[in-house]
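With the sequence shown counted from 1, adding 5 to any position gets you this note's numbering.
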Amino acid sequence: MHLVFDTFKLNRLLFSNKLICRKAVTANNIPTIRFARTDEKESVRQFLRKSFFKDEPCNKYMKLITEETPICEDLEKYTLKNFDSGLNLIAEHKNRIVGVCINSIIERDKPSNNILFTDKKFVIIANLLGYVEEKAALFQKYPKVSKIFDIRLLSVDNSYRGKGIAKAFCKKSIDIAKEQGAQLMSMICTSSFSASIAKKNGFEVVYELDYADYKINGEVVLKPEHPHKSIKMLVYSKL
Ligand code: ACO
């Protein structure tokens, strides 16, 4: 796929650190958001190993990444499955990746290739994601929609959080979805923060499940920490 390079500055980004605020704002101290190149898959993987794979609420609860098991191959396969789509975004600061947004397109008549997962802990998360997709049944709910642009993953470096990077990813993804001719956008939010970011960008909740109600053999299997009470499917229908 033709890769379009796009760089735009997070000029609304407010650094709370007063020392940084006093400095003159130069291109070098504002993160930029741009398309990820397909040859950056390994750098993105390394970034996610230090962030999302450890700190996304379900991954964190399941302790998918520990000192003894620093890599979860199933999680990496799932997350980076469509990396070649050319639709992914990177936030970059001082030549370092500080945020990643993984996007993909889901087409009504092209069922995605299912991956067989074997990691017992990850299978629980993958099944929950599949369950939410099934319950939300977007192609049934929106019979005229043939192409959905899915924000699959949002991850921001811990020390860059709360500065609007995820919000900017969301906004930019809406623009890309329009350019791609998608009629709907979707996002499964396992985190209450990502759900609130999506809502502020015009997404609405079409399906919600409290983690406390997701049981296997009568037992609650995922108990992410407060305030992540539920998993939600959100859609943006104003493309
Ligand atoms: N605590 C309280 N509020 C928060 C937090 C937090 N840790 N993180 C974000 N917010 C709020 C902000 O206050 C802000 O709200 P406001 O506009 O009312 O002030 C809003 O969320 C937007 O914040 P951003 O600065 O745009 O978000 P950020 O760049 O910090 O990234 C993200 C948010 C991606 C959820 C980040 O916290 C992260 O990487 N978390 C770990 C991975 C994760 O959980 N990803 C989402 C999983 S679901 C999915 O990927 C689709």
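Virtual Cβ for every residue (Gly too), placed ideally from N, Cα, C.
Return yes when the C-beta of residue i is under 7 Å from any heavy atom of the ligand ACO, and no when it is not.
i: D60; result: yes
i: V161; result: yes
i: S201; result: yes
i: G167; result: yes
i: I156; result: yes
i: T37; result: no
i: S196; result: yes
i: I181; result: no
i: I170; result: yes
i: F57; result: yes
i: M192; result: yes
i: K82; result: no
i: K146; result: no
i: K205; result: yes
Would you grab the beta carbon distance between residue i and residue j for me? Rounded to a whole angstrom, and I think it's under 8 Å.
i: N108; j: D155; result: 7 Å
i: A203; j: K152; result: Wrong, their Cβ atoms sit about 19 Å apart, outside the cutoff.
i: L227; j: F208; result: Not a contact, Cβ separation roughly 22 Å.
i: D162; j: V103; result: 4 Å
Following the continuous beta strand (DSSP E) through residue i, name the residue where it begins and the one where it ends.
i: K237; result: 235-241
Compare the Cα-Cα distances from residue i to each of the options and report the closest residue.
i: E45; options: P75, N34, E97, Y136; result: E97
i: F159; options: I181, E139, S56; result: In the sequence as presented, Phe is not what sits at residue 159; that position holds Leu. Out of I181, E139, S56, S56 has the C-alpha closest to the C-alpha of L159.
i: A217; options: V210, N206, Y165, P229; result: P229
i: N252; options: L133, E112, G223; result: For residue 252 there is no data in the structure shown, the boundaries of the chain being 6 and 244.
i: D215; options: I38, K183, K237, T43; result: K237
Counting along the chain, where does the alpha helix (DSSP H) carrying residue i start and finish?
i: F127; result: 125-141
i: E213; result: No alpha helix (DSSP H) contains E213, which is instead part of the beta strand (DSSP E) from 209-215.
i: T71; result: No alpha helix (DSSP H) holds T71; DSSP gives it neither H nor E.
Check whether the region 108-121 touches the region 54-74, counting contact only when three or more Cβ pairs, one atom from each stretch, lie closer than 8 Å. Under the three-pair Cβ rule at 8 Å, the region 108-121 does not count as touching the region 54-74.
Closer than 8 Å is the cut-off here; do at least three beta carbon pairs connect the region 32-50 with the region 86-104? The region 32-50 vs the region 86-104: in contact.
With contact counted as at least three CB pairs below 8 Å, one residue from each stretch, are the region 77-84 and the region 177-187 in contact? No: the two stretches stay apart, fewer than three of their Cβ pairs being nearer than 8 Å.
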